[in-house]
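In what follows, a structure is listed as structure tokens, so that the remarks can point back to it.
There are 2 protein chains.
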Amino acid sequence: MTSIEDVAKSLGVSTATVSRALRGLPGVSPSTRSRVEQEAQNLGYVPSSAAAGLASGRTMALGVLLPQIERWYFSAVLEGVDRRLRAAGYDLVLFSLGGSGVNRGRVFHRSILRKRIDGLLVLCLELTDSERSSLLELESPTIVVGGAVEGVRHVGIDDSAAARDAVEHLIGLGHTRIGHLRGGGSFGIDFQVPRIRETAYRRTMADHGLEIRPEWEVFGDFRFKEGLAGALQMLADPGNRPTAVFCSSDEMAFGVLRAAVELGIDVPGELSVIGIDDHEFSDPMGLTTIRQSPNEQGDFAAGILLDELQGHPAADVIPVQPHELIVRASTGPVPR
Amino acid sequence: MTSIEDVAKSLGVSTATVSRALRGLPGVSPSTRSRVEQEAQNLGYVPSSAAAGLASGRTMALGVLLPQIERWYFSAVLEGVDRRLRAAGYDLVLFSLGGSGVNRGRVFHRSILRKRIDGLLVLCLELTDSERSSLLELESPTIVVGGAVEGVRHVGIDDSAAARDAVEHLIGLGHTRIGHLRGGGSFGIDFQVPRIRETAYRRTMADHGLEIRPEWEVFGDFRFKEGLAGALQMLADPGNRPTAVFCSSDEMAFGVLRAAVELGIDVPGELSVIGIDDHEFSDPMGLTTIRQSPNEQGDFAAGILLDELQGHPAADVIPVQPHELIVRASTGPVPR
DNA sequence: CTGAAAGCGCTAACAG
DNA sequence: CTGTTAGCGCTTTCAG
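Residue numbers (UniProt numbering), protein chains in the order written: chain D, 1 to 336; chain W, 1 to 336.
Following this line, the structure appears as structure tokens:
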């Protein structure tokens, strides 16, 4: 492998000059710089990140820690983070818990601390106390996306407002019998977000003087399959079912839509359905939803970390990420 | 940060001994080893991967290069790779093209070659000649998952057989008017796989003496939205539409299912639908499909690379990954 | 079984 | 504007 010394020798300059020239640092004459660039190109020189990292203390890589990759929100945030990092010349080291607790200790107490990364993004993780403290002890900048962790900065939407907007959309259409499909529960995934949304649902219902029936509040784990099962249960009795369902995620809302097909319930004629997310499938499914943009959230969070690493002052207040009601074909006026 | 020297000094041994003890190398007395382990723990010592990488030439990290993260197949393979790597103590460095060509050159000609990784997995990428050759020149082991690249080892299913099995399932149910929703087309994503599946569809139809109508072969880009659009077009004319559709991916099949709902076509009474993948939503959607397991594929491919890095001889022949017909509710006998 | 010492390839003062 | 000189923190011969 050709090293910085090969380039330096072949040009009769010092390695320091090569290093400066290639990194765009000031204090190199234009002509030297271009000769160096040229020669580096010719020799196919690529700097070793290990050597650079050792010498400089910066690895030019950030880590992303998440509960699972195969899940719309997570992979979308990841995509946004990657986009931003790539543009800044940083690499992305991935730490997935893979939907289970296996190797979890290793990830926390070894991999992350291995000095391979200059900063860390954590996604929607429910942390144990010991994990939380080892996170707080990390000397490199850290940020959390999607579900707050006490003591760490957080990028995400206002979950309470998002849920309220969803429920009020239904109420605005005249619905009074409104069910709720709750998220949360999978191993290791943050449980605050589903709780916040549920609380907002209840409060909004109460604020409008509407009744909450326990049998209309069902668990769906944020997922299609569980959402379908929950919906089949909630909608089973034609004489006593809600006219609208608020789902804490779009995937669960797909489950409700599917349940409606299976049960022969017309949407939105007999049943209105609204979700949260604006999942990739929501547009073609005609699902009304509260849009959030995980792509942007990832990009934004990565940007904050990058700014800090580049010496810019840390923003002490992180703006809440936007959400937006997207009305499609799955919601309509209450049936008379 | 506490270094190996801190541990060595505090114990009155050499750094070499600490290094050997902690890495489980032979030639350390049991008692020394446990004292070292103990002290490392006490001091919270974590080795620097940069220093270790510089000294040893091994980074203990593999790279994954893929067109996009936010897509079921890719994120599922990624999850499998991550699982295997994590178990082996390797880190995973992610390179996503993010669905576009931006930064593509940089990824190929810099990031990947930056000596940050000991090996590389490439997913379903359509490569330019120059990219292909820079891949072949990589001194570290490389493997391709999901779509073959000439000259590089490949892990994946037999796409031709998978498509044939799907079509023959429909034929076995008595269908003769069988449409096809084709994949492929997105920027940078492999285009061999969709072509192989299409060819197999045509050949199977021909082998059974069945007619292929151009208007029944529609493009869907492997995706829900495009699949829906294609299906609406294919199924528009009630007097002249297929009784079954073979989709090159489950996501497109969801589009057909959705189109059927919109058009009031009964599935499977009037229309049978089969896909390829066994997407996470296929079970709750009741979609008949040809299952493949991207998780396993990623795990398997990572395993091959790891074996090689650990000095085991490279398998010269990589077994084809299995696929399997999963019959659910979306296919049934041809309407009479 | 253990230690000494020479780097790995780069960066970062410090001189000039 | 450019070169010299120390390391960064580990691994790895080579001795003992």
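Think of the CB as a built atom: it goes at the ideal place given N, C-alpha and C, for glycine as much as any other residue.
Please go through the same chain and pick out, in chain order, the residues whose beta-carbon is closer than 6 Å to the beta-carbon of residue 286 of chain D, but skip the five residues on each side of it. 328, 329, 330
Look up residue 125 of chain D in the DSSP assignment and give the residues it is bridged to. D:189
For residue 97 of chain D and residue 121 of chain D, what's the separation of their Cα atoms in angstroms? 14 Å
Applying the criterion that 16 or more other CB atoms from any shown protein chain within 10 Å of the CB defines a buried residue, is residue 366 of chain W buried or exposed? The requested residue 366 of chain W does not occur in the structure, where chain W is confined to residues 1 to 336.
Beta carbon proximity, residue 54 of chain W to chain D, threshold 9 Å: yes
Cβ of residue 38 of chain D less than 9 Å from any chain W Cβ? no
Can you tell me the Cα-Cα spacing of residue 316 of chain D and residue 83 of chain D, whole angstroms? 24 Å
Please state the DSSP three-state secondary structure of residue 6 of chain W. helix
Going by DSSP in three states, residue 107 of chain D sits in which element: helix, strand or coil? helix
Would you tell me roughly how many angstroms separate the C-alpha atoms of residue 269 of chain W and residue 128 of chain D, rounded to the nearest one? 51 Å
Given a cut-off of 9 Å on the beta-carbon distance, is the pair residue 280 of chain D and residue 74 of chain W in contact? no
Alpha carbon to alpha carbon, how far is residue 87 of chain W from residue 276 of chain D? Give it in angstroms, no decimals. 35 Å
For the pair the region 304–312 of chain D and the region 160–177 of chain D, tell me if three or more CB-CB distances fall below 8 Å. no
8 Å Cβ cut-off: residues of chain D touching residue 48 of chain W: 54, 114, 115
In chain order, which continuous runs of the beta strand (DSSP E) of length 3 or greater are located wholly inside the region 266–301 of chain W? 272–277, 288–291
Skipping 5 residues on each side, what residues in its chain have a beta carbon closer than 8 Å to that of residue 353 of chain D? Residue 353 of chain D lies beyond the residue range present for chain D, which begins at 1 and ends at 336; the question has no answer from this structure.
N-terminal and C-terminal residue of the beta strand (DSSP E) that residue 62 of chain W is part of: 61–66
Decide yes or no for the touch test of the region 133–145 of chain D against the region 26–39 of chain W: beta carbon pairs closer than 8 Å, at least 3 of them. no
Measuring straight from C-alpha to C-alpha, what distance separates residue 47 of chain W and residue 105 of chain D? 17 Å
For residue 35 of chain W, which residues in the same chain have their Cβ closer than 7 Å to its Cβ, ignoring the five residues on either side in sequence? 11
For residue 320 of chain D, which of helix, strand or coil comes out of DSSP? coil
Consult DSSP for residue 166 of chain D and reduce its assignment to one of helix, strand or coil. helix
Can you give me the C-alpha to C-alpha distance between residue 221 of chain D and residue 185 of chain D, rounded to a whole angstrom? 6 Å
For the alpha helix (DSSP H) containing residue 82 of chain W, list its first residue and its last residue. 72–87
Should residue 320 of chain D go down as buried or exposed, given a rule of 16 or more other Cβ atoms within 10 Å for buried? exposed
Please name the residue in W:214, W:51, W:78 whose C-alpha comes closest to that of residue 116 of chain D. W:51
With distances taken between CB atoms, is the gap from residue 252 of chain W to residue 179 of chain W smaller than 9 Å? no
For residue 315 of chain D, name the three-state secondary structure that DSSP assigns. coil
Would you mind giving the Cβ-Cβ distance between residue 45 of chain W and residue 91 of chain W, rounded to the nearest angstrom? I have them listed as a contact below 8 Å. Going by Cβ atoms, the distance from residue 45 of chain W to residue 91 of chain W rounds to 18 Å, so no, they are not a contact pair.
What in chain D is Cβ-close to residue 93 of chain W, meaning under 8 Å? 61, 91, 92, 93, 94
Hey, out of D:81, D:177, D:1, whose CA is closest to residue 40 of chain D's CA? D:1
Would you call the region 130–142 of chain W and the region 58–71 of chain D in contact, with 3 or more CB pairs under 8 Å? no
In terms of alpha-carbon separation, which member of W:292, W:256, W:173 lies closest to residue 332 of chain W? W:173
When the Cα of residue 283 of chain D is compared with those of W:258, W:282, W:293, W:307, which residue comes out closest? W:258
Pick from D:124, D:149, D:63: whose alpha carbon is nearest that of residue 113 of chain D? D:63
Could you tell me which of D:303, D:296, D:193 sits nearest to residue 249 of chain D, measuring between CA atoms? D:193
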